[in-house]
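Numbering (our numbering), first residue to last: 6 to 381.
Virtual Cβ for every residue (Gly too), placed ideally from N, Cα, C.
Since this is a predicted model, take the numbers as computed values, not measurements.
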Amino acid sequence: MTVQRPPMGWNSWNTFGSEINEELIRTTADCMVSEGFLDAGYEYLVIDDCWAEKQRDEKGRLVASREKFPSGMKAVSDYVHGKGLKFGMYSSAGSLTCAGYPASFGHEFTDAQTFAEWGVDFLKYDYCFKPTHEYGPQLYRRMGTALANCGRDILFSACSWGADNTREWIKTTGAHMWRSTGDIRDNWESVKALYEIQRDTHPYNGAGCFNDMDMLVVGMNGKGHAALGGCTPEEYRTHFSIWAMFGSPLMMGCDVRSCDAETRALLQNRAIIEVDQDPAYRQPYLANAVNAGSGDVWCRMMANGDLVLGMFNFFDSAREPFVAFADLGLGGSPDLALSITDLWTGEELGVFKDLYRSPAIGAHCCRMLRCKVLYG
Ligand code: GLA
């Protein structure tokens, strides 16, 4: 199986932690369809940790919690598929999951088979409780091989948080995405910290195996398992824009059943999602490194030749970032110009030559600009 675009979906962990059950999954699936999330591209519904019984069955197979999932996992999976969504689950390369449930170490092939029988399309695979004498890359290769041979297409989502130099070996394991960061929390400091990690790690990103910056906290508004104060609406917008600019998987983490219209509009912004999902899948580069005191400006070339500028203000006061077009690879002709559209407001800003200086961008705010290159 190959995966050409950063996966998009929803994951239960950020909001619900261990408080999951089949009713939550069914109603979330309903909502992902009825509220337009599937249409916007969010196709995977992933149950994270805490779904299992504490004991395997007599044949050594994982068993879904009878209390949380009384209908059994196959029925839940059928329901999710019936809505036109894909179904994801979770395990760990160690002996236990991070929350202490049975995990797949020593059971990789049996578990891959069980997941295939349940109709699983996506497996998030954590790194907790790895026996210290075991070699991490080999454990991911084992599960990667098991999944690639289980008779079903299952997207392999590795979650070793960048530990043990993950970026150097993860593409050998069969993983289609890999967590390049530690766990996100619902506040600005966490978003900023994950951005800083990604600044160094993004060159390892690429089609087929995507850097996963972690599930989105957009719309949590300080409520739920990963909550830690919450972000402002502008900070959520910046968070979403950064993930799109870096081409990270977009896995929602809020309760989509109760999110307000503003959150829905943010998560479903087609112009920003298009940047994330651009088929050329090029990496962005920092376009104003020497003027970083004015805010970071990243540039990414789209498949159709457009340039997208992501202007991010990590300072605690307003900034007016600017970028010289020579730093975007434009030069050599006096006729070169950029026709610029603001992707968040939809406003056409006009045609600019040589330089673009942004009006003030507030603290923690951003702008996403799509630029058409004009010449001749
Ligand atoms: C780790 C992962 C999280 C989540 C929890 C579940 O911390 O990084 O994303 O899956 O485990 O216990």
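Inter-residue Cα distance where the pair is residue i and residue j
| i | j | result |
| --- | --- | --- |
| C264 | W166 | 28 Å |
| F134 | V261 | 31 Å |
| R184 | P339 | 44 Å |
| R10 | V85 | 21 Å |
| T206 | T20 | 27 Å |
| Q273 | E40 | 10 Å |
| A153 | G179 | 8 Å |
| V313 | S253 | 16 Å |
| A108 | P208 | 31 Å |
| R372 | S246 | 8 Å |
| Y380 | T346 | 17 Å |
| K197 | E63 | 47 Å |
| H4 | G99 | Residue 4 is absent from the model: the chain starts at 6 and stops at 381. |
| T137 | L144 | 12 Å |
| I25 | L291 | 40 Å |
| T268 | G315 | 20 Å |
| A117 | A297 | 47 Å |
| E27 | L343 | 51 Å |
| P142 | G111 | 14 Å |
| R204 | G334 | 20 Å |
| L101 | K88 | 32 Å |
| C370 | G22 | 29 Å |
| W174 | G149 | 13 Å |
| E72 | Q288 | 45 Å |
| G227 | M218 | 20 Å |
| N170 | Y140 | 12 Å |
| F357 | N293 | 17 Å |
| A151 | L199 | 31 Å |
| W248 | D359 | 28 Å |
| G235 | K59 | 33 Å |
| V420 | N16 | Residue 420 is absent from the model: the chain starts at 6 and stops at 381. |
| D332 | C55 | 49 Å |
| T115 | C103 | 20 Å |
| G213 | R172 | 14 Å |
| F330 | G336 | 7 Å |
Identified DSSP bridge partners for residue i
| i | result |
| --- | --- |
| E353 | T346 |
| D191 | A232 |
| V328 | Y361 |
| L312 | M306 and C376 |
| F317 | D301 and C371 |
| D217 | R184 |
| M37 | Answer by DSSP bridge pairing: none, since M37 is not bridged. |
| Y130 | S96 and A163 |
| G14 | Y49 and M256 |
| I366 | R324 |
| G211 | C214 |
Selection from the options that minimises the alpha carbon distance to residue i
| i | options | result |
| --- | --- | --- |
| R147 | D131, F134, T119 and E113 | E113 |
| V295 | V328, R204 and S23 | V328 |
| G310 | C236, G298, K377 and H207 | K377 |
| L90 | G111, L101, M37 and Y140 | M37 |
| G14 | M6, R61, G46 and L333 | G46 |
| R362 | L374, V81 and Y380 | L374 |
| E201 | V81, A163 and F317 | F317 |
| L348 | M250, D169 and D116 | M250 |
| A323 | S299, L291 and L333 | S299 |
| A368 | P326, L360 and A331 | P326 |
| K176 | E139, I278 and F215 | F215 |
| Y106 | K88, A57 and T119 | A57 |
| G156 | M6, G229, D169 and G22 | M6 |
| L233 | V81, S162 and D188 | D188 |
| H230 | V8, P364 and W18 | W18 |
| D53 | A151, C164 and Y140 | C164 |
| A80 | D44, F42, E48 and F120 | F120 |
| L271 | D301, V302 and T237 | T237 |
| F319 | Y49, D301 and A276 | D301 |
| F161 | D44, G211 and P12 | P12 |
| E48 | D332, G337, M256 and I366 | M256 |
| D158 | I366, F330 and V8 | V8 |
| I366 | D321, C103 and S82 | D321 |
| L43 | I278, G213 and D332 | I278 |
| D35 | D83, C55 and R61 | D83 |
Below-7 Å beta-carbon distance, residue i vs any chain D residue
| i | result |
| --- | --- |
| I52 | Going by chain labels, chain D is absent from the structure shown, which holds only one protein chain. |
Any non-hydrogen atom of the ligand NAD within 6 Å of residue i CB
| i | result |
| --- | --- |
| A104 | Ligands present in the displayed structure are limited to the ligand GLA, and the ligand NAD is not among them. |
Under 8 Å, with one C-beta from each stretch per pair, do the region 277-284 and the region 70-81 reach the 3-pair mark?
Proximity of the region 277-284 to the region 70-81 falls short of the contact definition, fewer than three beta-carbon pairs being nearer than 8 Å.
Is the number of C-beta pairs between the region 125-139 and the region 95-109 that are closer than 8 Å three or more?
Enough Cβ pairs lie closer than 8 Å, so yes.
Touch check for the region 61-72 and the region 31-46: three-plus C-beta pairs under 8 Å?
The region 61-72 and the region 31-46 do not touch, with fewer than 3 CB-CB distances between them shorter than 8 Å.
Any 3 or more C-beta pairs closer than 8 Å across the region 214-226 and the region 236-247
Taking 8 Å as the limit for Cβ pairs, the verdict is that the region 236-247 does touch the region 214-226.
Assess, as a yes-or-no matter, whether the region 335-354 is touched by the region 297-309 under the definition of 3 or more beta carbon pairs within less than 8 Å.
Too few Cβ pairs lie closer than 8 Å, so no.
Assess, as a yes-or-no matter, whether the region 184-197 is touched by the region 109-125 under the definition of 3 or more beta carbon pairs within less than 8 Å.
Counting Cβ pairs under 8 Å, fewer than three are found: no touch.
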